[in-house]
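Take a look at the structure below.
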Amino acid sequence: MSKKGILLVNLGTPDSPATADVRRYLDQFLMDERVIDIPKLNRTLLVKGIIVPFRSPKTAKLYKEIWNEDGSPLLFYSRVQAKMLQERLGDEYHVELAMRYQNPSIASALANLKAGLVESIQVIPMFPQYASASTGSVMQLVMELVSKWPTVPPISFINSFHDNELMIKVFAENARKHHVESYDHVLFSFHGLPERQLLKCDHTGSYCLKNADCCQTLNDTNKFCYSAQGHDTARLIAQELNLSKDQYTVCFQSRLGKEPWVQPYTTDVLKKLAAEGKKRLLVFSPAFVADCLETLYEITVEYHEEFKALGGEHVQLVESLNDSPVFIEALAGMVK
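Just so it is clear: in the sequence shown, position 180 is 180 by the working numbering, and no numbers are missing.
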């Protein structure tokens, strides 16, 4: 019986927390023309001459803090999600997992689907909100690789699932475990992007960043905007938890370089809330479907310590979707 191929793709992780493996990961990641979208010569000089040599040892130390007996948490949970989805979908489907950077590679996963004689391939980039640097990069590489096949099967892509009802319910339920009402404020901290990448998504050239509220609601102009989709995700989770607008803030973490990135920055929001006397913060990171370095270390450790130094008491991470059966139902719904 012919099967339908499903390709789940997450961002990636080093093969180990060793500096050499982290260096290879960062090199492949940051040399992607969609991640650092500047001319190739400038990107090469910046990445290979400055960022990777200096950042690799520091990043390796951070990975060692979150690495456990199962290895990389991101890869571990991604494998669990792929296994659970395969079991949920049954024998009519062939599910493969890939990472955009490092292993298992997209090329190897596509080769497995090809060898499995699938009749079609559906690609699900595991990023709830669309961004050129994540979902767009996955789409581009898949199309480049498959375009070289003598026979190209029907291929489809999930562009985003920022408003998926079941995903929203999982995030909300994870928050309830921490007794949301016991916190002074809630943060929705998304991974950051340079502002120039948002501007490129505005095909009109006259809407993006022209006013402070351009991302607050989705419309035809910003429907593919990462920030606007992020605000929509936050609004839906807040609605599920009955949070008013003054009870939560949308912000962005993980900047690189000196040019403007999407704002407000999470670090600035922490300072503002501490100055207002807030003591306990509950933090979502809804750009990720599995806990990783950005959640397990940047939020749980760095932001917690930073907030305490400012006079706060506690920063609590809301766990990601990880091995939630309800999230697997959400994926199955996208497939079917």
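The beta-carbon is built from N, C-alpha and C at its ideal position, and this holds for glycine as well.
Can you name the residues that DSSP bridges to residue i?
i    : result
Y63  : Y63 pairs with nothing; no bridge assigned.
Q316 : L282
P264 : Beta-bridge pairing links P264 to no other residue.
F252 : F190, Y265
V301 : According to DSSP, which records beta bridges pairwise, V301 is partnered with nothing at all.
L8   : L97, I124
If you draw a straight line from the alpha carbon of residue i to that of residue j, how long is it in whole angstroms?
i    : j    : result
D232 : L218 : 7 Å
D202 : D220 : 10 Å
L270 : V318 : 17 Å
M31  : R43  : 7 Å
F252 : Q86  : 33 Å
N242 : V186 : 12 Å
V180 : L282 : 7 Å
V123 : D37  : 24 Å
D291 : F76  : 10 Å
P1   : K210 : One detail in the question is off: residue 1 reads as Met in this sequence, not Pro. Cα-Cα distance, rounded: 54 Å.
R88  : M99  : 21 Å
K3   : Y93  : 5 Å
D27  : E119 : 35 Å
R24  : M139 : 22 Å
A337 : N322 : The structure shown has nothing for residue 337, since the chain only spans 1 to 336.
H314 : K40  : 43 Å
N164 : L193 : 22 Å
E298 : E305 : 10 Å
F327 : A172 : 12 Å
P325 : A18  : 33 Å
H191 : T300 : 15 Å
D91  : G5   : 11 Å
G333 : W67  : 32 Å
W261 : P104 : 30 Å
V95  : G230 : 27 Å
S182 : Q247 : 12 Å
L97  : V9   : 6 Å
K148 : Q81  : 29 Å
V52  : S244 : 42 Å
P153 : V289 : 28 Å
D15  : E276 : 43 Å
F127 : K336 : 19 Å
A60  : G71  : 13 Å
E259 : L141 : 27 Å
Among the options, which residue has its Cα nearest to the Cα of residue i?
i    : options                : result
T249 : K223, S285, L8         : S285
S254 : V9, N211, Y303, E96    : Y303
S160 : D21, S132, P150, N112  : S132
L256 : E195, K245, A287       : E195
L62  : V22, G311, M84         : V22
F29  : M334, S137, V142       : S137
H162 : C215, T13, A228, L199  : A228
I168 : S147, L236, P153, T204 : L236
S134 : S16, P14, A20, V35     : V35
E294 : E65, I50, K48, E33     : E65
V197 : E33, M143, T13         : The amino acid occupying residue 197 in the given sequence is Gln; Val does not appear at that position. The candidate whose alpha carbon is nearest that of Q197 is E33.
P57  : K200, A20, P125        : A20
K223 : Q239, T204, E240, I50  : T204
L166 : M143, E240, S78, L113  : E240
Measure the Cβ-Cβ separation of residue i and residue j and say whether it is below 8 Å.
i    : j    : result
I158 : I121 : no
A175 : L7   : no
Y226 : Q129 : yes
A115 : L145 : no
L296 : P73  : yes
A274 : G311 : yes
Y101 : L11  : yes
A234 : F188 : yes
Y207 : C214 : yes
K337 : D184 : The question about residue 337 has no answer here: the residues shown for the chain are numbered 1 through 336.
Q263 : H178 : no
Is residue i close to chain B, meaning its C-beta is less than 8 Å from at least one C-beta of that chain?
i    : result
L270 : Of the protein chains in the structure, only one exists, and it is not chain B.
Please determine whether the Cβ atom of residue i lies at a distance below 7 Å from any heavy atom of the ligand ZN.
i    : result
V186 : Absent from the structure shown: the ligand ZN. Ligands present: none.
Segments assigned alpha helix (DSSP H), at least 4 residues, entirely inside the region 128 to 215: For secondary structure counted as the alpha helix (DSSP H) over 4 or more consecutive residues, the region 128 to 215 holds these complete runs in sequence order: 137 to 146, 165 to 176, 195 to 200.
Sequence ranges, beta strand (DSSP E) only - wholly within the region 28 to 110, length at least 3: The region 28 to 110 is shown to contain whole beta strand (DSSP E) runs of 3 or more residues at 93 to 101, in chain order.
Within the region 212 to 244, ranges of the alpha helix (DSSP H) (whole runs, at least 4 residues): With a minimum length of 4 residues, the continuous alpha helix (DSSP H) runs that stay inside the region 212 to 244 are 226 to 240.
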